[in-house]
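Student: Residue numbers (my numbering), protein chains in the order written: chain U, 3 to 335; chain G, 3 to 335.
There are 2 protein chains.
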Amino acid sequence: MQKSLRRPVTLKDVAAAAGVSYQTVSRAINGFGEINAETSQRVLKIAAELGYRPNRLANSLRSAQSKALGLVVSDIENLFFAEVAAGVEAEATERGYSVLLANTSEDIHRERTAILNLFESRVDGLIVAPAEGDHDFLKTDLPETFPVVAINRSLSSPLYGAVLSENRKGAGAAVEYLVARGHTKIGAVVGSPNLMTSQERLEGFRSAMERLGLPIQRHWTAAGTIYPKGACEAAIEILQRSDRPTAIITSSQRITQGVLMALRHLGLRHGVDVELVGFDDFPWAALLDPPVAVIAQDTHNIGRKAVAMLLGMINGTGEAEMIRLPTRLVVPS
Amino acid sequence: MQKSLRRPVTLKDVAAAAGVSYQTVSRAINGFGEINAETSQRVLKIAAELGYRPNRLANSLRSAQSKALGLVVSDIENLFFAEVAAGVEAEATERGYSVLLANTSEDIHRERTAILNLFESRVDGLIVAPAEGDHDFLKTDLPETFPVVAINRSLSSPLYGAVLSENRKGAGAAVEYLVARGHTKIGAVVGSPNLMTSQERLEGFRSAMERLGLPIQRHWTAAGTIYPKGACEAAIEILQRSDRPTAIITSSQRITQGVLMALRHLGLRHGVDVELVGFDDFPWAALLDPPVAVIAQDTHNIGRKAVAMLLGMINGTGEAEMIRLPTRLVVPS
DNA sequence: CCTTTAATCGTGAACGTTCACGGAGCGCGA
DNA sequence: TCGCGCTCCGTGAACGTTCACGATTAAAGG
């Protein structure tokens, strides 16, 4: 009816208005416990009239579960993580959970403080895209059994779950695609060599090349940084050689960017002088001239599966495991 | 020392271990209130040894402020919002606030439930990128003075703040740029006509054209959807005409995408047959062939300023206002 | 020596909810 | 009539913290 009170409406306010105890109101709101159907409806009606909104803080404090989970992402401005975040948010809200977002900018120290903050907010679990570096602090900062699921990179502990892509397979498919298009001299530019994604994608590249009996030239592969600039410099090294490869595989969207910058810088054209296939789909792939093929990761599902696994760990119906989602080669039409 | 307890360490645990009252521990932790320096250090040492982490839920419940703010974004997978979110997250964490993220996928109903959820989580304030539609529910669902700051689009109520870009100026600068490059026949493709951004950017386009004495053809401007597909169809309408414009201005990155798709579909080349200048910067602008000019919005600062204003409203040191950040024309080098 | 004041610390209550009970009222069979 | 069980609802406590005091001690002032 009216909500002239400055103070938010509480269970007790509703109880007083309905002439019942606040416990009864609680039962009506939650639809839980033994309560008469009529009473319940009457209470709910009054609650709606008063504009009652449950206080999740109090609920969480008492019930010792916040119905919130933390999402720690290494670079929210990277489209890959933005899409994963969308998947996480969607799955979480569908299941009645909130998402606390933290961005680390690939800084392991910021990641640590972010995780600490999230823990202090008493999130029920954590989804982390680990930055490069040592993650031992997880074991000391967090309770032994705190539910954590890693995405994109894994966390080298069976206690923590992980949702990853089939990096080796994906890279292999890219090699096969390029070979089918007549390439034999294929190089690769990946991110920091310490990163799991770089390693696995490079491994996939190498084993596919071997399987197909193609030569792997050490100076055709380079590991730079995860940012376009570093990748550009690494690519220039490769492309300046007289015996440069005719095709290059990259391990992420930002590296694809860098390689394209390198090509432009050297006056070469992609798809003509050097063909490109890179990890991660992006909306502009089809709009480049010529369009480039990409190895798309199942970004939304990475987010959704991570949430599903995490909630399983939280309520004990599931456990930490490592799952890998297939990639998909997207060739320009 | 040891944290063998399954139960998290509380203030009382630390108090017992230190032989003081829990209030004293509280004072030491918060560095607030009158406490002896020695005592404080001793307590802090013990707290650290026990691995004490404050429970923000309890803190928030008692102090009636959660030190958290809600970020409701209409499309987190849009790079513009991802960058704004990065700004929000950075400014918020620097100021000791957490960020609760919600994604609405441009659905006003999802936006409403998201805002309700956020309010139940007792966020201290809300940053909202409003979806298209009627926002009257804000007045009924939220307390009268609840702090809300809109981004990208405003909320037609002086109660709520807004952080926007100088849309008219930006569009005007784009027109001037095109005119300087010799264009006189300029069209525009914008998003949904009900959107503030579409309107303002179109207005800026029109007034600049008039100011420069150039003809505005009704059939050179089109309003589609905010997604590439709709923009593509709208652009095809324009570009199929025999008297098509030689240049087009777009009102967002996704629309730029759509126009590029239309050009490709019609066998036309951007920068050759039709020049393009669009709102929102994106990493691939410089890698297209030829590169395209863009009107960059100050995305990070939009996020940061929104947080700054919101925190001002929350602690009473500032008030709701509408501020506009300058855009920047980025021409390919 | 008594009183005042400042510094330091402790105590009870409260925030809004859920948990674990306990108790009233009713119907039903022996 | 008594007792039993079921349904429904209420009461007190608790979650971990802060708030508003009050209590204690020691130094300072007359």
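For each residue, glycine too, the CB sits at the ideal point set by N, CA and C.
The structure displayed is predicted, hence computed values, not measured ones.
So, with DSSP's three-state summary, where would you put residue 332 of chain G?
Tutor: For the purposes of this step, residue 332 of chain G is identified with residue 330 of the second sequence, where counting begins at 1. If DSSP states are grouped into helix, strand and coil, residue 332 of chain G belongs with the strands.
Student: Check the Cβ-Cβ distances between residue 43 of chain G and every residue of chain U, and say whether any is below 8 Å.
Tutor: Locating residue 43 of chain G in the second sequence gives position 41, where the first residue counts as 1. No, its Cβ sits nowhere closer than 8 Å to a Cβ of chain U.
Student: From the DSSP secondary-structure annotation, give me the bridge partner or partners of residue 281 of chain G.
Tutor: Taking the second sequence and counting its residues from 1, one reaches residue 281 of chain G at position 279. Answer is G/297, bridged to residue 281 of chain G.
Student: Please return the same chain residues whose Cβ sits closer than 8 Å to the Cβ of residue 22 of chain G, not counting the five positions on each side in sequence.
Tutor: For the purposes of this step, residue 22 of chain G is taken as the residue at position 20 of the second sequence. 41 and 45.
Student: Whole angstroms is fine: what's the gap from residue 218 of chain U's alpha carbon to residue 199 of chain U's?
Tutor: For the purposes of this step, residue 218 of chain U is identified with residue 216 of the first sequence, where counting begins at 1. For the purposes of this step, residue 199 of chain U is identified with residue 197 of the first sequence, where counting begins at 1. Looking at the two C-alpha atoms, the distance is approximately 20 Å.
Student: Could you spell out where the beta strand (DSSP E) holding residue 167 of chain G opens and where it closes?
Tutor: Reading the second sequence from its first residue, position 165 is the one you call residue 167 of chain G. Residues 163-167.
Student: Any beta carbon from chain G within less than 8 Å of residue 68 of chain U's own beta carbon?
Tutor: Your numbering for residue 68 of chain U matches position 66 in the first sequence. Taking Cβ atoms only, chain G reaches closer than 8 Å to residue 68 of chain U, which makes this a yes.
Student: Just how far apart, CA to CA, sit residue 327 of chain G and residue 206 of chain G?
Tutor: The residue you call residue 327 of chain G lines up with position 325 of the second sequence. The residue you call residue 206 of chain G lines up with position 204 of the second sequence. Each residue's Cα considered, the two are about 15 Å apart.
Student: So that I know if they touch, is there some Cβ in chain U lying closer than 8 Å to that of residue 291 of chain G?
Tutor: Counting from one through the second sequence, the residue named residue 291 of chain G turns up at place 289. At least one chain U Cβ lies under 8 Å of residue 291 of chain G.
Student: Assuming residue 329 of chain U contacts residue 168 of chain U (C-beta within less than 8 Å), just tell me the rounded distance between them.
Tutor: On the first sequence, position 327 is the one that residue 329 of chain U refers to. On the first sequence, position 166 is the one that residue 168 of chain U refers to. The pair is a contact, with the Cβ atoms about 6 Å apart (cut-off 8 Å).
Student: Give me the residue from G/75, G/90, G/92 and G/87 with the minimum Cα distance to residue 115 of chain G.
Tutor: Residue 115 of chain G sits at position 113 when you count from the first residue of the second sequence. Checking every option, the nearest Cα to that of residue 115 of chain G belongs to G/75.
Student: Give me the Cα-Cα distance between residue 56 of chain G and residue 260 of chain U, rounded to the nearest whole angstrom.
Tutor: As a first step, residue 56 of chain G is located in the second sequence; it is residue number 54 there, counting from the start. As a first step, residue 260 of chain U is located in the first sequence; it is residue number 258 there, counting from the start. Rounded to the nearest angstrom, the two C-alpha atoms are 44 Å apart.
Student: Should residue 285 of chain G be flagged as near chain U, meaning a C-beta pair shorter than 8 Å?
Tutor: For the purposes of this step, residue 285 of chain G is identified with residue 283 of the second sequence, where counting begins at 1. Closer than 8 Å: yes.
Student: Extract the residue ranges of the alpha helix (DSSP H) inside the stretch 214-276 of chain G, only unbroken runs of 4 or more that lie entirely within it.
Tutor: Those alpha helix (DSSP H) runs which fall completely within the stretch 214-276 of chain G and span 4+ residues are 230-241 and 255-267.
Student: Going by CA-CA distance only, name the one from U/165, U/186 and U/90 that's closest to residue 248 of chain U.
Tutor: Reading the first sequence from its first residue, position 246 is the one you call residue 248 of chain U. Closest option to residue 248 of chain U, Cα to Cα, is U/186.
Student: Which first and last residues belong to the alpha helix (DSSP H) in which residue 103 of chain U is found?
Tutor: Walking along the first sequence from the start, residue 103 of chain U turns up at place 101. First-last for residue 103 of chain U: 100-105, but that is the beta strand (DSSP E), not the alpha helix (DSSP H).
Student: What does a CB cutoff of less than 6 Å around residue 231 of chain U pick up in its chain, not counting 5 residues either side in sequence?
Tutor: The residue given as residue 231 of chain U occupies position 229 in the first sequence. Correct list: empty, nothing qualifies.
Student: Quick check on this structure: which residue in U/212, U/66 and U/305 has the alpha carbon closest to the alpha carbon of residue 85 of chain U?
Tutor: Translated into the one-based positions of the first sequence, residue 85 of chain U becomes position 83. Comparing Cα-Cα distances from residue 85 of chain U to each of U/212, U/66 and U/305, the minimum goes to U/305.
Student: For a contact defined as C-beta to C-beta under 8 Å, what are the partners of residue 121 of chain G on chain U?
Tutor: By one-based count along the second sequence, residue 121 of chain G stands at place 119. Neighbours of residue 121 of chain G on chain U, chain order: 55.
Student: Following the continuous alpha helix (DSSP H) through residue 89 of chain G, name the residue where it begins and the one where it ends.
Tutor: As a working mapping, residue 89 of chain G is identified with position 87 in the second sequence. Residue 89 of chain G -> alpha helix (DSSP H) spans 81-96.
Student: Please go through the same chain and pick out, in chain order, the residues whose beta-carbon is closer than 6 Å to the beta-carbon of residue 298 of chain G, but skip the five residues on each side of it.
Tutor: The residue you call residue 298 of chain G lines up with position 296 of the second sequence. Excluding residues within five positions, the ones whose Cβ falls inside 6 Å are 283, 330 and 332.
Student: Residues of chain G with CB closer than 8 Å to the CB of residue 63 of chain U, please, in chain order.
Tutor: Stepping through the first sequence from its first residue, residue 63 of chain U is reached at position 61. Simply 57, 59, 60 and 63.
Student: Express the C-alpha separation of residue 53 of chain G and residue 160 of chain U in angstroms, rounding to a whole number.
Tutor: As a first step, residue 160 of chain U must be located in the first sequence, where it is residue number 158. As a first step, residue 53 of chain G must be located in the second sequence, where it is residue number 51. Roughly 23 Å between the two C-alpha positions.
Student: Quick one: what's got a C-beta closer than 6 Å to residue 170 of chain U's C-beta in the same chain, skipping five residues either side?
Tutor: Position 168 of the first sequence, counted from the start, is the residue given in the question as residue 170 of chain U. Around residue 170 of chain U: 202, 205 and 206.
Student: Please look up how many angstroms separate the CB atoms of residue 270 of chain G and residue 241 of chain G, rounded, as I've assumed it's under 8 Å.
Tutor: For the purposes of this step, residue 270 of chain G is identified with residue 268 of the second sequence, where counting begins at 1. For the purposes of this step, residue 241 of chain G is identified with residue 239 of the second sequence, where counting begins at 1. Correct: roughly 7 Å between the Cβ atoms.
Student: Taking the DSSP output, what are the residues bridged to residue 72 of chain G?
Tutor: Taking the second sequence and counting its residues from 1, one reaches residue 72 of chain G at position 70. Answer is G/102 and G/128.
Student: Once DSSP output is grouped into helix, strand and coil, what is the label at residue 22 of chain U?
Tutor: What you label residue 22 of chain U is simply residue 20 of the first sequence in a count that begins at 1. Coil at residue 22 of chain U, not helix or strand.
Student: Taking beta-carbon pairs under 9 Å, can you tell me which members of the stretch 120-143 of chain U lie near chain G?
Tutor: Residues passing the 9 Å Cβ filter: 120, 121, 122, 123, 124, 142 and 143.
Student: Based on DSSP bridge pairs, tell me the residues matched to residue 327 of chain U.
Tutor: Numbered from its first residue, the first sequence carries residue 327 of chain U at position 325. In DSSP, residue 327 of chain U forms a bridge with U/167.
Student: For residue 266 of chain U, which residues in the same chain have their Cβ closer than 6 Å to its Cβ, ignoring the five residues on either side in sequence?
Tutor: Numbered from 1 along the first sequence, position 264 holds the residue referred to as residue 266 of chain U. Counting only Cβ-Cβ distances below 6 Å, and skipping sequence neighbours, we find nothing.
Student: Using only the alpha-carbon positions, how far apart do residue 69 of chain U and residue 317 of chain U sit?
Tutor: Translated into positions along the first sequence, residue 69 of chain U becomes position 67. Translated into positions along the first sequence, residue 317 of chain U becomes position 315. If I take the Cα positions, the gap works out to 11 Å.
Student: Out of curiosity, what's the CA-to-CA distance linking residue 25 of chain G and residue 19 of chain G?
Tutor: The residue you call residue 25 of chain G lines up with position 23 of the second sequence. The residue you call residue 19 of chain G lines up with position 17 of the second sequence. Looking at the two C-alpha atoms, the distance is approximately 14 Å.
Student: Does any residue of chain G have a CB that is nearer than 8 Å to the CB of residue 263 of chain U?
Tutor: Translated into the one-based positions of the first sequence, residue 263 of chain U becomes position 261. Answer yes: the Cβ-Cβ gap between residue 263 of chain U and chain G drops below 8 Å somewhere.
Student: I want to verify the contact list: residues of chain G whose CB lies under 9 Å from the CB of residue 78 of chain U, in sequence order.
Tutor: Here the question's residue 78 of chain U lines up with position 76 in the first sequence. What residue 78 of chain U touches in chain G: 78, 84, 85, 87, 88 and 91.
Student: Just reading off the beta strand (DSSP E) that residue 151 of chain U is part of, what are its end residues?
Tutor: Taking the first residue of the first sequence as position 1, residue 151 of chain U is located at position 149. Here the beta strand (DSSP E) through residue 151 of chain U covers 150-153.
Student: Contact between the stretch 207-216 of chain U and the stretch 26-35 of chain G: three or more CB pairs below 8 Å?
Tutor: No: the two stretches stay apart, fewer than three of their Cβ pairs being nearer than 8 Å.
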